[in-house]
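Worksheet: the structure to be examined is printed underneath.
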Amino acid sequence: DTEVTQTPKHLVMGMTNKKSLKCEQHMGHRAMYWYKQKAKKPPELMFVYSYEKLSINESVPSRFSPECPNSSLLNLHLHALQPEDSALYLCASSQVKSLRDTQYFGPGTRLTVL
Amino acid sequence: SQQGEEDPQALSIQEGENATMNCSYKTSINNLQWYRQNSGRGLVHLILIRSNEREKHSGRLRVTLDTSKKSSSLLITASRAADTASYFCASGGSNYKLTFGKGTLLTVNP
């Protein structure tokens, strides 16, 4: 199984809402990532988890809160977002032996903040 | 910061033609990867070339790497309409994360 799944596919939320994005993989990868991608731009790294521990936080605002409850799951909790946070949120996973090697991406969650 | 720069930003060709995309990077790398992204979807890994390799093939894809010029190229031969997508290079460097370039939007017309 070389698939990374993400739910939901689309999410519309108000600035006062709390929501969560979910990501799951069953490839045995112990590194998982969250990226944010704006239209016509490359993905921007947000967080990296290695062995279920947060290893990289790219100075992401605290209104984004990641969580890795086990080796297969990665969540991104959203609270008090701004309209400029509207984007495609991508989850990825990889072998942990080198975080810079091949990453496997999910299809993304298209987030709209009203 | 994004260190990779793809060239061209957009490319439109006819089916059956070859497509060449270039990527430049700024710092030393461990590897250079190419990913494809269909509109609004996730990225798909295409090929990885390590810093000690100069050329690599995978099906209709050919990647070259010139570390002296800090550049790479991706050639897609005999293109198909299904190859229409955005293509990103990504460099794996000493900071143990991938840095993506700005991407090339390839349109293959039937």
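Those protein sequences? They're chains A and B, same order as listed. With our numbering, the residue at position 5 of the first sequence is 38, and numbering never jumps. With our numbering, the residue at position 75 of the second sequence is 55, and numbering never jumps. Using N, Cα and C, we set each Cβ at its ideal position, and we do this for glycine too.
Please report the straight-line C-alpha distance between residue i and residue j, rounded to a whole angstrom.
| i | j | result |
| --- | --- | --- |
| V146/A | Y5/B | 34 Å |
| I29/B | K130/A | 17 Å |
| L109/A | D134/A | 23 Å |
| R34/B | M60/A | 30 Å |
| S30/A | Y137/A | Beyond the ends of chain A as shown, which are 34 and 147, falls residue 30/A; an answer cannot be given. |
| T64/B | G141/A | 19 Å |
| N11/B | F68/B | 14 Å |
| G72/B | N32/B | 13 Å |
| Y15/B | R21/B | 12 Å |
Just to confirm, is the Cβ distance from residue i to residue j under 7 Å?
| i | j | result |
| --- | --- | --- |
| G81/B | S66/B | no |
| E(-5)/B | V88/B | yes |
| G139/A | V37/A | yes |
| K69/A | E77/A | yes |
For residue i, which residues from the same chain have a beta carbon less than 6 Å from its beta carbon, with the 5 sequence-adjacent residues on both sides left out?
| i | result |
| --- | --- |
| R42/B | L55 |
| A113/A | R96 |
| T57/B | N(-2) and R40 |
| S53/A | N108 and H110 |
Since residue i sits in a beta bridge, which residues does DSSP pair it with?
| i | result |
| --- | --- |
| Y82/A | M65/A and L87/A |
| R42/B | H37/B and L55/B |
| M46/A | V146/A |
| C124/A | W67/A |
| P99/A | L109/A |
Apart from the five residues just before and just after residue i, which ones in its own chain have a Cβ nearer than 7 Å to its Cβ?
| i | result |
| --- | --- |
| S(-8)/B | T87 and N89 |
| E(-3)/B | S59 |
| S119/A | L144, T145 and V146 |
Excluding the 5 residues flanking residue i on each side, which residues of the same chain have their C-beta closer than 8 Å to its C-beta?
| i | result |
| --- | --- |
| M30/A | Lying before the first or after the last residue shown, residue 30/A is absent from chain A, which here runs from 34 to 147. |
| D(-13)/B | M1, N2, C3, S4 and T84 |
Any C-beta of chain E sitting closer than 7 Å to the C-beta of residue i?
| i | result |
| --- | --- |
| L23/B | No chain E appears in this structure, whose protein chains are A and B. |
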